[in-house]
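Working notes, structure below.
Residue numbers (my numbering), protein chains in the order written: chain A, 19 to 219; chain B, 27 to 148.
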């Protein structure tokens with residue numbers, strides 16, 4: 019089996035990284051990363067620069083834009099500042115994210131969707147991890163969400179959201195926590211436009 | 027918790043810039059720039075370093091172009107090549123390995139010879 023490329027914890031790269039295979043980042047990269055395979059920024063990983071990959075999983079720190087031809091998942095432990103751009107983007111509860119989410123059009127027939135070589139980021143496939151290297155296992159875990167993933171702590175994250183959303187003067191009742199949370203994402207633009215047109219007519 | 031894997035740069039990986047830190051790394055790809063790593067760096071058969079290299083230990087099966095300073099050892103294996111000067115405590119070149127440059131190891135000479143050598147040198 020092909021060995022997975024790893025930038026290990028403790029290693030720092032000041033410069034650009036390129037390649038046509040999968041890459042696991044546990045160390046630090048200050049510069050751009052362009053990978054034709056999957057890119058996983060692990061929990062100990064820190065990337066300061068724009069990244070491009072076929073699929074991208076952020077579980078550590080990414081300060082820079084993420085661009086993927088297939089999908090991006092900003093995982094529960096992630097801290098990310100930058101835009102994400104992919105046909106499919108997911109941000110897992112607990113992630114800290116600041117930036118734009120650009121889901122590149124999949125409706126337009128001119129944009130042919132790349133056939134998926136990996137399952138979608140949110141489905142949990144129960145295939146047993148191959149008994150190969152640690153890096154391989156880590157990559158599999160990140161891409162397929164194996165059960166080995168650390169559990170999300172909803173209470174802690176909810177509390178932090180409430181703390182940031184409510185001003186100190188207006189203390190809310192416990193049930194108000196839900197109202198204080200961010201509103202749902204905006205409606206699909208196409209639906210909005212239809213409504214407006216109907217009102218005009 | 028999983029054991030942290032060692033570093034590995036596959037054959038298609040190209041790094042342009044400075045690589046530093048404390049880690050062991052095997053390079054089957056290419057690094058252009060600077061390498062300063064506290065640990066073992068293995069340059070595999072397809073690996074290329076175009077950089078000044080400062081490491082603990084270096085094993086070369088591929089190609090290194092640049093001066094090498096190792097606090098411990100440098101080994102050039104069969105098929106490996108260093109274009110540059112090498113300073114290390116221990117340096118070995120296997121049969122079939124290439125080194126184009128100077129090798130600088132601390133050489134402990136017997137006292138009598140050392141005195142003569144030192145006066146000749148000065």
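All C-beta atoms in this analysis are idealised placements derived from N, C-alpha and C, irrespective of residue type, glycine included.
Please confirm if residue i has its CB atom under 8 Å from at least one CB of chain B.
i                      : result
residue 37 of chain A  : yes
residue 24 of chain A  : yes
residue 222 of chain A : Look at the range of chain A in this structure, 19 to 219, and you will see that residue 222 of chain A is not part of it.
residue 158 of chain A : no
residue 68 of chain A  : no
residue 21 of chain A  : yes
residue 161 of chain A : no
residue 187 of chain A : For residue 187 of chain A, the predicted structure reports a pLDDT of 45, less than 50, and the residue's modelled location is therefore unreliable. A value from the coordinates is still provided. Cβ-Cβ to chain B under 8 Å: no for residue 187 of chain A.
residue 63 of chain A  : no
residue 29 of chain A  : yes
residue 57 of chain A  : no
residue 117 of chain A : no
residue 213 of chain A : Any reading at residue 213 of chain A must be qualified, since the residue scores a pLDDT of 49, below 50, and its modelled position is unreliable; the value itself is stated next. False, the Cβ-Cβ gap to chain B never drops below 8 Å.
residue 145 of chain A : Low per-residue confidence applies at residue 145 of chain A: pLDDT is 41, beneath 50, and the placement is therefore not dependable, though the value from the model is reported in the following sentence. So no, residue 145 of chain A is outside the interface.
residue 153 of chain A : yes
Examine chain A for any beta-carbon lying closer than 8 Å to the beta-carbon of residue i, and answer yes or no.
i                      : result
residue 77 of chain B  : no
residue 125 of chain B : no
Mark residue i as exposed unless 16 or more other C-beta atoms lie within 10 angstroms of its C-beta, in which case mark it buried.
i                      : result
residue 20 of chain A  : exposed
residue 46 of chain B  : buried
residue 126 of chain B : exposed
residue 57 of chain B  : buried
residue 74 of chain A  : buried
residue 53 of chain A  : buried
residue 92 of chain B  : buried
residue 98 of chain A  : buried
residue 130 of chain B : exposed
residue 138 of chain B : exposed
residue 176 of chain B : Past the edges of chain B, shown from 27 to 148, lies residue 176 of chain B, and the structure says nothing about it.
residue 120 of chain B : exposed
residue 100 of chain B : buried
residue 85 of chain A  : buried
residue 88 of chain A  : buried
residue 132 of chain B : exposed
residue 135 of chain B : exposed
residue 121 of chain A : exposed
residue 83 of chain A  : buried
residue 15 of chain A  : In this structure chain A extends from 19 to 219, so residue 15 of chain A is not present and cannot be described.
residue 98 of chain B  : exposed
residue 163 of chain B : The shown model of chain B, from 27 to 148, leaves out residue 163 of chain B, and the question about it has no answer.
residue 197 of chain A : Residue placement at residue 197 of chain A is flagged as unreliable, the pLDDT there being 48, under the threshold of 50; the coordinate-derived value follows with that caveat. Counting Cβ neighbours within 10 Å, residue 197 of chain A comes out exposed, since fewer than 16 surround it.
residue 52 of chain B  : buried
residue 123 of chain A : exposed
residue 22 of chain A  : buried
residue 151 of chain B : The structure shown does not extend to residue 151 of chain B, since chain B is modelled only from 27 to 148, so the question has no answer here.
Nearer than 7 Å: is that true of the beta carbon of residue i relative to any heavy atom of the ligand HEM?
i                      : result
residue 116 of chain A : Only the bare structure without any ligand can be found here, which leaves the ligand HEM out of the picture.
For the segment 71–105 of chain A, enumerate the residues whose C-beta is nearer than 9 Å to any C-beta of chain B, in chain order.
none
Going along the chain, which residues of the segment 29–60 of chain B sit with their C-beta nearer than 7 Å to a C-beta in chain A?
29, 30, 31, 32, 33, 34, 35, 36, 38, 39, 40, 41, 42, 43, 44, 45, 46, 47, 48, 49, 51, 55 and 59
Three-pair Cβ contact test at 8 Å for the segment 71–91 of chain A versus the segment 48–62 of chain A
yes
Which full runs of the beta strand (DSSP E) of 3+ residues lie inside the segment 30–115 of chain B, going along the chain?
33–35, 40–48, 51–53, 56–69, 74–76, 79–86, 89–91, 94–102 and 107–109
Assess, as a yes-or-no matter, whether the segment 69–83 of chain B is touched by the segment 65–72 of chain A under the definition of 3 or more beta carbon pairs within less than 8 Å.
no
Run through the segment 58–129 of chain A for me and flag every whole beta strand (DSSP E) of 3 or more residues, listed as ranges in chain order.
64–66, 69–76, 79–81, 84–92, 97–99, 102–104, 106–109, 114–116 and 119–121
Between the segment 76–84 of chain B and the segment 32–46 of chain A, can you find at least three pairs of beta-carbon atoms closer than 8 Å?
no
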